[in-house]
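Visitor: For the protein sequence lines, the chains are D and U, in the order given. For the first sequence, my numbering begins at 579 and goes up steadily by one. For the second sequence, my numbering begins at 27 and goes up steadily by one. Yeah, the Cβ is synthetic: ideal placement off N, Cα and C, and Gly gets one too.
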Amino acid sequence: MVLLRSIDEITVEVAETVALKSNMLKHALEESNPEQFIPLPNITGEVMFKIVDYMTKQTEFESKKPQEIVEKSPELEGDVAKAKEALKAWEQTVATWEVAYMDVSMNMLYDLFLGANFMDLQGLLSLCAEKIASLIKGKTVKEIRKTFNIVNDFTPEEEADYVKKYEWAFTD
Amino acid sequence: MHGFGETFPLVPRSSVSLSDEMGPVPRLGGPRTISPSHQKTIKTKPRGLDEETNVLTTANKILISEIQLDESVWAHLPDDLQIEILARVPPFLLFRLRPVCKRWNSILNDSGFISTHSRVPVHGPCLLTFWRNPSSQLSILSMPLKTWFKIPFGFLPDWVFWLVGSSGGLVCFTGFDELTFKTLICNPLTQTWQVLPSMHHNQQRQLILVKSNSGTDYKVIAASEISGDSKTIPTEVYDSRTGTWSLHDTMPAVSLCSSKMAFCDSRLYLETLNPIGLMVYQVDTGRWDYIPVKFPRSLLDGYLVSGAKKRLFLVGRVGIYSTLQSMRVWELDHGKSIWTEITRMPPRYFRSLLRLSAERFECFGQDNLICFTSWNQGKGLLYDVEKKSWSWIMGPAVQLCNSQVCFYEPRFDTLV
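1. Below 8 Å between beta carbons is the criterion; list the residues of the stretch 717-730 of chain D that meet it against any residue of chain U, in chain order.
2. Evaluate U:Y329 with the Cβ neighbour count: other Cβ atoms within 10 Å of its Cβ, from every protein chain shown; 16 or more gives buried, anything less gives exposed.
3. Grab me the residues of D:M633's own chain with a C-beta within less than 6 Å of its C-beta, minus the 5 sequence neighbours each way, in chain order.
4. Is it right to say U:D105 is buried, meaning 16 or more other beta carbons lie within 10 angstroms of its own, or is it exposed?
5. Going by C-alpha distance, which of D:F732, D:K709 and D:A694 is nearest U:A113?
6. Given a limit of 7 Å on CB to CB distance, which residues of the stretch 286-301 of chain U reach chain D?
7. Should U:T276 go down as buried or exposed, given a rule of 16 or more other Cβ atoms within 10 Å for buried?
8. For the beta strand (DSSP E) holding U:A249, just list the boundary residues, first then last.
9. Along the chain, where does the beta strand (DSSP E) containing U:I317 start, and where does it finish?
10. Less than 8 Å between the beta carbons of U:K335 and D:D731, yes or no?
11. What distance in whole Å lies between the Cβ atoms of U:L153 and U:L167, which are believed to be in contact at a cut-off of 8 Å?
12. Note down, in chain order, all residues in the stretch 672-705 of chain D with a beta-carbon under 9 Å from any beta-carbon belonging to chain U.
13. Leaving aside the five residues before and after U:F175 along the sequence, list all residues of the same chain whose C-beta is less than 6 Å from its C-beta, in chain order.
14. Which runs of the alpha helix (DSSP H) fall wholly inside the stretch 346-384 of chain U and span at least 4 residues, in chain order?
15. Hey, is the stretch 309-316 of chain U in contact with the stretch 371-386 of chain U, meaning 3+ C-beta pairs nearer than 8 Å?
16. Check the Cβ of U:A113 against every Cβ in chain D and list those closer than 9 Å, keeping chain order.
17. Note the first and the last residue of the continuous alpha helix (DSSP H) segment covering U:S415.
18. List, in order along the chain, the chain D residues whose C-beta lies closer than 7 Å to that of U:K128?
19. U:H274 lies in the beta strand (DSSP E); which residues open and close that run?
20. Report the rounded CA-to-CA distance for D:A678 versus D:C706, giving the unit in angstroms.
21. Which one of U:T270, U:V197 and U:I364 has the shortest CA to CA distance from U:L441?
22. Under 8 Å between the Cβ atoms of D:T589 and D:F615?
23. Alpha carbon to alpha carbon, what distance is there between U:N135 and U:W100?
24. I need the straight-line Cα distance from U:W418 to U:V411, nearest angstrom please.
25. Note down, in chain order, each residue of its chain lying with its Cβ closer than 7 Å to the Cβ of U:I317, except the 5 sequence neighbours on either side.
26. Cβ closer than 7 Å: which chain D residues qualify as neighbours of U:V99?
27. Would U:A248 pass as a contact of U:L294 if the rule is Cβ separation under 8 Å?
28. With a threshold of 7 Å on Cβ separation, who are the neighbours of U:S144 within its own chain once the five nearest residues in sequence on each side are excluded?
29. Could you give the DSSP three-state label for U:R337: helix, strand or coil?
30. Just the C-alpha distance for U:L222 and D:K643, rounded to the nearest angstrom, thanks.
31. DSSP on U:N300, reduced to helix/strand/coil?
32. Residues in the same chain with beta-carbon distance under 6 Å from D:A738, minus the five sequence neighbours each way, listed in chain order, please.
33. Measuring only the C-alpha atoms, how far is U:R313 from U:K405?
34. Name, please, each residue of chain U whose Cβ falls closer than 7 Å to the Cβ of D:V741.
35. Give the DSSP-derived three-state secondary structure of U:W401 in the structure shown.
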């Protein structure tokens, strides 16, 4: 069992197999004393639980993943088809769970994103990045700058040039 | 403080309650101002602010429509995470992000970013349409975004006339430059292009573009001549790695029943009438083989369409009398060399697509999607083989009228 401690001093115990999903924890475990807890200095308790929830569920899904049968002979055709169906159903289950999991507030989304980055959890990082990318979709250039606090270092002429050059992409 | 077992969901026994009644829970991320109007929807609060213990319980039920990106949360997102987001923005929309700032513009040009972006799962099916008369137009429909994009076409030479097809983000065009038949490969998004060297037997021929699954190399296969001459010429293959055409086996003299070809699992398939069946060209060996396969009875048209994972489909109408016609899809059983019917177009779609039996339609496909376009009406119908569903393709009819169409995958990493 692995002990994790959030910045607000909340601790949670997770199985080692679950903890290893995070590359950051994997390295930390190799170096630290197994008796002690691993501090997560950037993550609050609430976010920590959400992330642990993700890692646990992923571990569970992995263990239930149906085996894919490689087609070897005509007699196995029925089995191959069944295996394909099972795999599809499993993928659907994972996808449905992920959609529900990602139904979170903006603040949680932000914290999850940073948390997944800190803990080096590629799957969760992707999920967060995709969700944020989909939210950028409707925004104008000005709105994007405002949202991410980006200073516009283009001159008005340069900016107009770009907009003109790619005006076909601005159709809406 | 300890003590959570392996059962989930977690019920914390710490002194901080994480349910709706929020005590002050500190959050991190650096200094950030939160405007008063947003406080109602915030579940956690920065350390040092007033302890507000009655945060509204409706905070948990944030409606999807209220989820908006705004600076109160995102203003301090680290740069490397900005890149992670950019990597997942659909290809077409990336162009809109270029004017944001110089840094973002240079990120979008960076080859490291481009290969990261291209590794993210494919954008989703897109259709590319092209026509020359009366004015040239190259349009791409992104089905996931439900948007048509008119791509500027001026970067290509005037002689470009026929759309051959698209593979892995590359598009192949042909045309006559003066009297010389030429072949051109381009990437419409990066606007890079290249004219291929002349073939050994350089004339208007059946071509197909195939990009390799790994890497950025591609091949163009030139099979029979368009003119349908009885003289047969050797099949030639252009390999982008060598930049040259190589000569291979000559297709045996057969009577081809249609000029449609399909490339599937490293094999090029053509239909033949005499003898009945399929001519198959194996790219790996460079040889032609014949597979005797009987066509379904009363088949009027025979479009060969390749699907994902080695599936090969035959699409066409059955029934000589127009009132009894139906559009069907068969799949080749490779082991038994027979066509097995997998679906029929529901009559209401059929009647809507082809109001008259003499109306022309085109059929093509990719990745288990089969597209039907009606020439006169500019309508497009899509059949998803895996989901077994039919749907109309939205968009102005004029984009599909009298234009050449193919499936397209927007990619930045395949430069020509």
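Guide: If we stick to the structure as given:
1. K717, V719, I722, R723, K724, T725, F726, N727, I728, V729 and N730
2. buried
3. V596 and K599
4. exposed
5. D:K709
6. none
7. exposed
8. Y244 to E251
9. R313 to I317
10. no
11. 4 Å
12. D681, V682, S683, M684, N685, M686, L687, Y688, D689, F691, L692, N695, L703 and S704
13. F118 and I166
14. 373-379
15. no
16. A707 and A711
17. It is not in any alpha helix (DSSP H) - U:S415 instead sits in the beta strand (DSSP E) that spans S415 to W418.
18. D731 and F732
19. T270 to T276
20. 13 Å
21. U:V197
22. yes
23. 24 Å
24. 15 Å
25. G303, L304, V306 and S363
26. M684, N685 and Y688
27. no
28. R437, F438 and D439
29. coil
30. 47 Å
31. strand
32. none
33. 39 Å
34. P125
35. coil
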